[in-house]
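J.: Residue numbers for the sequence shown follow the numbering used here, beginning at 2 and rising by one.
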Amino acid sequence: MIGTVRHNNDTRARQPARRGVVLLAVLVVVALLTLAAYQFHNAMSAELETAQAFNRVQASRIYAQAGLHYAAFVLSHPQAAGLADADDSTLLWPPAAYDAPDVFQHRPVGTTSSGVAGYFTIVAPRDPDDPLASSVPWRFGVTDESGKLNINTLVALAGNTRRARQMLLRLPNMTEETVDALLNWMGRGDSTSAAGDSLYYSSLGYTLKNGPFESLEEMLLVRGITPRMLYGNDLNRNGLPDPGETSTGLLTPGLMHWLTIYSRELNVDSQGLQRLNLNDTDLQSLYDELVPLVGENLARFILAYRIYGGSTQQSGSPSQRPGSSGQQSTSDTIVQDISEVPLDFNARPRGRIGSLLDLVDAVVTYREEREFVPLETRNAHIGLVFLRTVRYQVTSPLRSDDFRGLEEKLSILYDRTATDANTELVPRINVNTAPREVLALLSGLSEQQVQSILDNRPGADTDPSLAPLYRTPVWLVTRAGIGLPTLRELERYITARSQVFRVQVLGYAPGGAPAARLEAVINTNNGRPQILFWRDLTDLGATLPPALLPQ
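(1) Y306: which of W186, L252, V361 and W259 sits nearest, CA to CA?
(2) So, are the CB atoms of G148 and T434 less than 9 Å apart?
(3) Which of the three DSSP states, helix, strand or coil, is assigned to E490?
(4) In this structure, does DSSP put I121 in helix, strand or coil?
(5) Do I430 and the ligand GTP come close, with the Cβ less than 8 Å from some heavy atom?
(6) If you compare alpha carbons, which of L274, G273, L291 and Q272 is closest to D281?
(7) For D537, name the three-state secondary structure that DSSP assigns.
(8) Going by DSSP, what residues sit across from V156 in a beta bridge?
(9) Are there 16 or more other CB atoms within 10 angstroms of the CB of R498, so buried, or fewer, so exposed?
(10) Alpha carbons only, please: which of T35, D462, T313 and T424 is nearest the one belonging to G352?
(11) On the CB-based measure, 16 or more other CB atoms within 10 Å of its CB, does M557 come out buried or exposed?
(12) Express the C-alpha separation of A521 and Q315 in angstroms, rounding to a whole number.
(13) Give me the DSSP bridge partner(s) of T179.
(14) Output the distance between the C-alpha atoms of W94 and L84, rounded to the nearest integer angstrom.
(15) Would you call L158 buried or exposed, if buried means 16 or more other Cβ atoms sit within 10 Å of its Cβ?
(16) Taking Y207 as the reference, which of W186, R529, E215 and S216 has the closest Cα?
(17) Between the alpha carbons of E177 and L150, how many angstroms are there, rounded?
(18) Count the other CB atoms, across all protein chains shown, that sit within 10 Å of the CB of E50; report buried if there are 16 or more and exposed otherwise.
(19) What is the DSSP secondary structure of S332, counted as helix, strand or coil?
(20) Would a C-beta distance cut-off of 9 Å place G142 and A125 closer than the cut-off?
(21) Whole angstroms is fine: what's the gap from L533's alpha carbon to I523's?
(22) Looking only at its own chain, which residues have a Cβ that is under 7 Å from the Cβ of P553, when we skip the five neighbours before and after it?
(23) At what residue ranges does the stretch 460-524 contain a whole run of the alpha helix (DSSP H), taking only runs of 4 or more?
(24) Rounding to the nearest angstrom, what Cα-Cα distance links A32 and Y39 in this structure?
(25) By a C-beta neighbour count over all protein chains shown, 10 Å radius and 16 as the cutoff for buried, is G21 buried or exposed?
(26) Do three or more CB pairs link the stretch 128-140 to the stretch 409-416 at distances below 8 Å?
(27) Using a Cβ distance threshold of 8 Å, determine whether the stretch 219-236 contacts the stretch 475-491, with at least three qualifying pairs required.
(28) Quick one: give me the first and last residue of the alpha helix (DSSP H) that P293 is part of.
(29) Taking the straight line between their C-alpha atoms, what separation do you get for P343 and E408?
(30) Might you give, ordered along the chain, the residues of its own chain that have their beta carbon closer than 8 Å to the beta carbon of T162, omitting 5 neighbours on each side?
(31) Please go through the same chain and pick out, in chain order, the residues whose beta-carbon is closer than 7 Å to the beta-carbon of Y494, but skip the five residues on each side of it.
(32) What separation, rounded to the nearest whole angstrom, lies between the Cα atoms of A60 and G116?
(33) To the nearest angstrom, how far is the alpha carbon of D283 from that of E448?
(34) Would you identify the three-state DSSP class for G96, choosing helix, strand or coil?
(35) Flag this pair as touching only if the stretch 465-482 and the stretch 58-78 have three or more C-beta atom pairs under 8 Å; answer yes or no.
(36) Have a look at S553 and L217 and give me their C-alpha separation to the nearest angstrom.
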């Protein structure tokens with residue numbers, strides 16, 4: 002018994018001591034689970050931050066989209082935002098939309114319990130001729146597409162391919178090869194050079210389009226057109242000389258600053274109504290509508306021009322002034338007052354007004370047979386009557402040396418009337434907003450005349466009450482010193498109104514959220530706006546430095 006007990010004690014003595022292995026294992030498991038939980042927490046936090054950042058960017062895009070719709074409204078209804086050239090006008094007053102912080106800067110979007118949800122700001126680069134361009138390259142406004150040359154309708158505007166080619170060659174850094182390539186792409190070029198371009202494009206895997214451009218970026222497919230040539234050195238289009246874009250600190254424009262595919266012009270007046278056709282065959286109706294517009298004298302002269310035909314005043318014309326009715330000049334022409342001209346509204350019109358400038362310094366001559374009794378035969382042959390053809394002449398109330406009359410009457414004619422019944426016009430260049438390089442494309446304009454237009458066209462310091470005087474090209478004669486002969490040459494190329502605009506909108510939320518940047522082209526379409534094109538430029542960066550975006 003004693004031996005057995007000793008044996009059991011020996012067995013217990015030989016058992017190993019416990020060393021806490023289980024506790025250590027538990028601690029390792031807990032540490033691993035803690036690390037996994039920490040990593041999971043970090044991953045979830047990063048995911049949450051990513052989702053929140055994405056939501057903020059998306060919210061900024063929504064605010065920018067709200068800015069696009071806001072721009073479409075105020076540009077289509079400028080009188081609602083104080084941007085019209087008159088209270089009763091649908092025309093945008095260019096100086097009002099050039100730099101208008103009150104209208105385009107830091108506009109609120111929506112509200113929440115904590116305040117405004119977000120904001121948008123509409124910006125645009127300043128014109129190179131703007132004195133502030135070197136110090137503040139951006140402005141709070143829009144860019145007028147009608148101040149550019151529409152390349153898709155260039156041949157129709159110029160009248161033929163030769164003149165269209167000459168206009169393109171006047172663009173900075175443009176070569177004959179590049180001009181030929183642009184015209185060939187649209188199917189408007191020379192067949193020989195087009196054949197060579199066709200072989201070149203075939204080697205790249207595509208062919209000549211032989212049609213209009215659908216976007217300005219499509220020009221990058223054209224032989225010789227590079228991104229720097231299209232955009233200038235502002236490759237991210239933010240209006241700032243960023244590193245890598247320029248070594249001089251100066252921005253140089255590209256083709257997109259002078260060319261467009263979006264400009265459009267409707268044949269409507271400043272109130273959005275179809276213009277009165279001066280060549281209408283219903284003469285009575287034409288007269289009735291003209292009298293309230295321009296007064297009875299000018300209305301009667303226009304009808305006389307239509308009925309009898311007209312011509313420009315010549316140096317050998319009778320020297321008598323209107324009002325000397327019944328007096329016979331040495332050339333057997335009786336100069337009549339306008340009020341004495343007989344108007345037969347049922348007559349078949351013999352004259353057609355090709356241009357409103359045809360009415361300036363114009364004369365209307367007509368003949369009629371009158372009874373005539375020679376003085377020496379009156380006593381001897383009582384009752385003897387002869388028929389004699391008498392020539393009458395009346396001169397236009399519109400005179401080239403009467404600037405006040407031209408501003409009062411010719412401006413109204415340009416605004417309210419037209420020489421055809423077309424509803425759509427070939428898009429012309431707005432001389433009120435076109436940059437220097439585009440004005441230089443116009444044949445007949447010297448460098449001095451281009452400068453005179455830039456110096457005298459409406460700006461921020463122009464009296465707003467004078468705005469209606471600038472809604473037609475007549476101001477080139479009355480205020481810029483451009484003669485009537487030059488205006489006759491320019492008339493087919495120029496206008497003084499716009500309806501298509503390019504906008505850049507920054508959308509952002511309070512508190513330093515990232516800004517979204519959208520660009521769009523808006524056709525105001527006589528009060529029914531259309532967004533012709535839009536794209537997201539957010540990845541290119543904000544136009545304004547973040548420090549200058551109000552928060």
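Heads up, the beta-carbon is just placed ideally off N, CA and C, and yes, glycines get one too.
T.: According to the structure shown:
(1) Locating residue 306 in the sequence shown gives position 305, where the first residue counts as 1. Minimum Cα distance to Y306 is reached at V361.
(2) Looking up residue 148 in the sequence shown gives position 147. Looking up residue 434 in the sequence shown gives position 433. Yes.
(3) For the purposes of this step, residue 490 is taken as the residue at position 489 of the sequence shown. Helix at E490.
(4) For the purposes of this step, residue 121 is taken as residue 120 along the sequence shown, with counting starting at 1. According to the sequence shown, residue 121 is Phe rather than Ile. If DSSP states are grouped into helix, strand and coil, F121 belongs with the strands.
(5) The ligand content of the structure shown is nil, which means the ligand GTP is not present either.
(6) On the sequence shown, position 280 is the one that residue 281 refers to. Nearest C-alpha to D281: L291.
(7) Here residue 537 refers to the residue found at position 536 of the sequence shown. D537 falls in the strand class under three-state DSSP.
(8) The residue given as residue 156 occupies position 155 in the sequence shown. V156 is not bridged to any residue.
(9) As a position in the sequence shown, residue 498 is number 497, starting the count at 1. So R498 counts as buried.
(10) Along the sequence shown, one-based indexing puts residue 352 at 351. Ranking the options by Cα distance to G352, first place goes to T313.
(11) Past the boundaries of the shown model lies residue 557; the chain is included only from 2 to 552, so the question cannot be answered.
(12) In the sequence shown, the residue the question calls residue 315 occupies position 314. In the sequence shown, the residue the question calls residue 521 occupies position 520. Confidence at Q315 is low in this model, with a pLDDT of 49, below 50, so the placement of that residue is unreliable and no value is reported for it.
(13) As a position in the sequence shown, residue 179 is number 178, starting the count at 1. DSSP, once it has assigned bridges, lists no residue as partnering T179.
(14) Indexing the sequence shown from 1 puts residue 94 at position 93. Indexing the sequence shown from 1 puts residue 84 at position 83. The alpha-carbon atoms of W94 and L84 are separated by roughly 6 Å.
(15) As a working note, residue 158 is residue 157 in the sequence shown. Buried is the call here.
(16) Counting from one through the sequence shown, the residue named residue 207 turns up at place 206. For the residues W186, R529, E215 and S216, the minimum Cα distance to Y207 belongs to W186.
(17) Position 176 of the sequence shown, counting from 1, holds the residue named residue 177. Position 149 of the sequence shown, counting from 1, holds the residue named residue 150. Those two C-alpha atoms are separated by around 18 Å.
(18) The count along the sequence shown starts at 1 and reaches residue 50 at position 49. So E50 ends up on the exposed side.
(19) Looking up residue 332 in the sequence shown gives position 331. Residue confidence for S332 is low, a pLDDT of 48 falling below 50, so the modelled location carries little weight; the figure read from the coordinates is stated next. The answer is coil: DSSP assigns S332 none of H, G, I, E or B.
(20) Taking the sequence shown and counting its residues from 1, one reaches residue 142 at position 141. Taking the sequence shown and counting its residues from 1, one reaches residue 125 at position 124. Yes. Within cutoff.
(21) One-based indexing of the sequence shown puts residue 533 at position 532. One-based indexing of the sequence shown puts residue 523 at position 522. Near 6 Å, if we compare the C-alpha coordinates of I523 and L533.
(22) Nothing can be reported for residue 553: it is not among the residues displayed for the chain, which extend from 2 to 552.
(23) 476-479 and 485-491
(24) Counting from 1 along the sequence shown, the entry for residue 32 is found at position 31. Counting from 1 along the sequence shown, the entry for residue 39 is found at position 38. Rounded to the nearest angstrom, the two C-alpha atoms are 10 Å apart.
(25) Sequence index remark: in the sequence shown, residue 21 carries index 20 (1-based). With fewer than 16 Cβ atoms within 10 Å of its Cβ, G21 is classed as exposed.
(26) no
(27) no
(28) Here residue 293 corresponds to residue number 292 of the sequence shown, with the count starting at 1. Its alpha helix (DSSP H) spans residues L284 to V295.
(29) Position 342 of the sequence shown holds residue 343. Position 407 of the sequence shown holds residue 408. Going by the C-alpha atoms only, they are around 28 Å apart.
(30) Locating residue 162 in the sequence shown gives position 161, where the first residue counts as 1. For T162, where only same-chain residues beyond five positions count, the Cβ hits under 8 Å are V156, L184, R189 and G190.
(31) As a first step, residue 494 is located in the sequence shown; it is residue number 493 there, counting from the start. Taken in chain order, the residues that qualify are L158, R429, I430 and L443.
(32) The residue you call residue 60 lines up with position 59 of the sequence shown. The residue you call residue 116 lines up with position 115 of the sequence shown. About 15 Å.
(33) What you label residue 283 is simply residue 282 of the sequence shown in a count that begins at 1. What you label residue 448 is simply residue 447 of the sequence shown in a count that begins at 1. Rounded to whole angstroms, D283 to E448 spans 44 Å at the Cα level.
(34) For the purposes of this step, residue 96 is taken as residue 95 along the sequence shown, with counting starting at 1. According to the sequence displayed, residue 96 carries Pro and not Gly. Three-state DSSP puts P96 in a helix.
(35) no
(36) Outside the modelled stretch of the chain, which goes from 2 to 552, sits residue 553, for which no answer is possible.
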